[in-house]
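Written out below as structure tokens is the structure these notes cover.
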Ligand code: AMP
């Protein structure tokens with residue numbers, strides 16, 4: 061399976077990507093995760109991206125295109141994957157198409173997890189992520205709380221609210237998401253790859269709908 065997940069922040073892309081990894085052995089490729097790791101490791105890309113992530117803005121296309129090209133040009137390029145958070149603009153989609161063509165890789169589907177803005181704000185307000193080094197696992201206080209209040213199940217570090225999860229940042233990210241994504245979605249609709257799925261259903265229902273949409 062070779063999938064792209066498209067959806068507003070908080071639409072549940074990360075959760076669905078995780079299920080696809082656990083149950084179907086896909087490799088999850090998330091530009092947000094790659095960028096946060098670069099910031100943690102204080103690489104040149106990380107230093108450039110850090111203020112942009114803090115403000116909830118999009119990192120320039122060139123930077124994320126290069127990060128993704130590195131993943132797919134690797135001799136160990138993933139055979140089965142789910143992309144979470146890339147492509148995020150029309151220009152990224154065009155660059156990604158070219159990269160996949162060059163590597164003779166065909167996408168099976170682009171899944172759009174559709175959700176209204178107010179629901180996104182409500183959901184992200186209850187998100188807490190692990191602040192520990194090399195972890196970053198996220199929980200939802202309503203839908204998927206940690207076993208112990210405020211503590212990461214996986215590594216025991218305290219949970220924090222990520223800067224880019226604060227309400228004013230989320231609202232800004234949503235404006236940016238809509239400005240960039242309409243054309244991207246239209247592009248994949250025209251190519252016959254787009255599958256629209258409601259992000260309001262329970263996690264398991266969405267997972268089943270994704271599988272049905274990819275293998276009808
Ligand atoms: P995410 O974890 O996918 O919500 O991404 C967190 C942040 O990383 C975003 O708010 C952007 O600042 C940046 N980012 C992640 N993916 C991309 C992308 N494809 N294009 C531009 N910026 C990105």
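Residue numbers (the numbering used here): 61 to 276.
Positions of the beta carbon are idealized from the N, C-alpha and C atoms, including for glycine.
(request) Return the Cβ separation of residue 175 and residue 260 in integer angstroms, given the expectation that the two are a contact with Cβ distance under 8 Å. (result) That pair is a contact at about 6 Å.
(message) Tell me which residues share the same chain as residue 214 and place their Cβ nearer than 8 Å to its Cβ, disregarding the 5 neighbours each side in the sequence.
(response) Same-chain partners within the cutoff: 190, 195 and 197.
(request) Determine the burial state of residue 141: buried for a count of at least 16 other Cβ atoms within 10 Å of its Cβ, exposed for fewer. (result) A buried status is given to residue 141, since no fewer than 16 other beta-carbon atoms sit within 10 Å of its beta-carbon.
(request) Have a look at 63, 185 and 275 and flag the residue whose alpha-carbon is nearest the alpha-carbon of residue 69. (result) When 63, 185 and 275 are compared, the shortest CA-CA separation from residue 69 is found for 185.
(request) Return yes when at least one heavy atom of ligand 1 lies under 6 Å from the C-beta of residue 69, else no. (result) Correct: residue 69 has its Cβ closer than 6 Å to ligand 1.
(request) With distances taken Cα to Cα, identify the nearest neighbour of residue 258 among 249, 273 and 92. (result) For the residues 249, 273 and 92, the minimum Cα distance to residue 258 belongs to 273.
(request) Give the secondary structure of residue 158 by DSSP, where H, G and I count as helix, E and B as strand, and everything else as coil. (result) Note: residue 158 maps to helix in three-state DSSP.
(request) Within 10 angstroms of the Cβ of residue 109, are there 16 or more other Cβ atoms? Answer buried if so, exposed if not. (result) A residue is called buried when at least 16 other Cβ atoms come within 10 angstroms of its Cβ; residue 109 meets this threshold and is buried.
(request) Compare the Cα-Cα distances from residue 92 to each of 114, 82, 84 and 86 and report the closest residue. (result) The shortest Cα separation from residue 92 among 114, 82, 84 and 86 belongs to 114.
(message) With distance defined between alpha-carbon atoms, name the residue in 112, 153 and 136 nearest to residue 99.
(response) Selected option, being the one with the closest Cα: 112.
(message) Using a 10 Å radius around the Cβ and a threshold of 16 neighbouring Cβ atoms, would you call residue 224 buried or exposed?
(response) It counts as buried.
(message) Here's the rule: buried if 16 or more other CB atoms are within 10 angstroms of the residue's CB, otherwise exposed. What is residue 241?
(response) Counting Cβ neighbours within 10 Å, residue 241 comes out buried, since at least 16 surround it.
(request) Express the C-alpha separation of residue 268 and residue 254 in angstroms, rounding to a whole number. (result) The straight-line gap from Cα to Cα measures roughly 17 Å.
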